[in-house]
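In this text, residue positions in the sequence shown follow the working numbering: the first is 24, and each later residue adds one.
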Amino acid sequence: MLDDLDAKDTHRRLRRLVRECLTDREADIIEQRYGLNGRQPRTQREIAAAYGISRSYVSRIEKRALGKLEAALEG
């Protein structure tokens, strides 16, 4: 039961950090990539096609966003 509560708290904190620390575009890409907020996870290629950008650019945005989230979680 404690593990469930801890997991829920972590998920809640992560969703809050996505909203607070990331730009709208970064947040949308992270939500799509990892299936947050009830979405199905999508590939970088699928996201790139939807945004009209290259897969490598999606990768760079994702990497930058994950770095921001990691820093926020540590701080």
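Note that the Cβ used here is the ideal one computed from N, Cα and C, for glycine as well.
Cα-Cα separation, residue i to residue j
{"i": "R78", "j": "L37", "result": "25 angstroms"}
{"i": "I76", "j": "R83", "result": "11 angstroms"}
Residue i, DSSP secondary structure in three states
{"i": "Q55", "result": "helix"}
{"i": "G90", "result": "helix"}
{"i": "L37", "result": "helix"}
{"i": "I70", "result": "helix"}
{"i": "L45", "result": "coil"}
{"i": "S79", "result": "helix"}
CB of residue i within 7 angstroms of CB of residue j, strictly
{"i": "A88", "j": "L45", "result": "yes"}
{"i": "R56", "j": "E85", "result": "yes"}
{"i": "V81", "j": "A73", "result": "no"}
Rounded Cβ spacing between residue i and residue j (contact assumed at less than 8 angstroms)
{"i": "R42", "j": "A30", "result": "With 8 angstroms as the limit, R42 and A30 do not qualify as a contact, their Cβ atoms being about 19 angstroms apart."}
{"i": "E54", "j": "R62", "result": "6 angstroms"}
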